[in-house]
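In terms of the working numbering, the sequence shown opens at residue 1 and continues consecutively.
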Amino acid sequence: MGSVASEPGVTDPSQGGSDMGWVIKCDCGTPIRGRTDDEVVEKARDHAKSKHSLTVTREQALALAERE
């Protein structure tokens, strides 16, 4: 997944703050992470379609998202 600084919840000193993001914990056990709500929604929709053949709305994804 890239450098440590790109991981949600890890502080990147070059940006001067916390790198908090969003996570959705899928029932299959896959954590879906994004830095923004748009990113986590896009990833959740892609995951739902490719792994579970489901269509997820933005509202459904956001209802499952938690700050981390």
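Backbone N, C-alpha and C define an ideal beta-carbon position, used for all residues, glycine too.
Here the structure is a predicted model, which is why all the values come from computation and not from measurement.
Rounded to a whole number of angstroms, what is the C-alpha to C-alpha distance between Leu62 and His47? 14 Å
Between the alpha carbons of Gly2 and Cys28, how many angstroms are there, rounded? With a pLDDT of 35 at Gly2, under the threshold of 50, the modelled position of that residue is not reliable, and the figure given next carries that caveat. Distance between the alpha carbons of Gly2 and Cys28: 24 Å.
Could you tell me how far apart the beta carbons of Glu59 and Trp22 are, in whole angstroms, since I believe they sit closer than 8 Å? The pair is not a contact, with the Cβ atoms about 14 Å apart (cut-off 8 Å).
Going by beta carbon distance, what residues of the same chain come within less than 7 Å of Ile24, once the five residues before and after it are set aside? Ile32, Val40, Ala44, Ala61, Leu64, Ala65
Indicate the three-state DSSP secondary structure (helix, strand or coil) for Arg33 in the structure shown. strand
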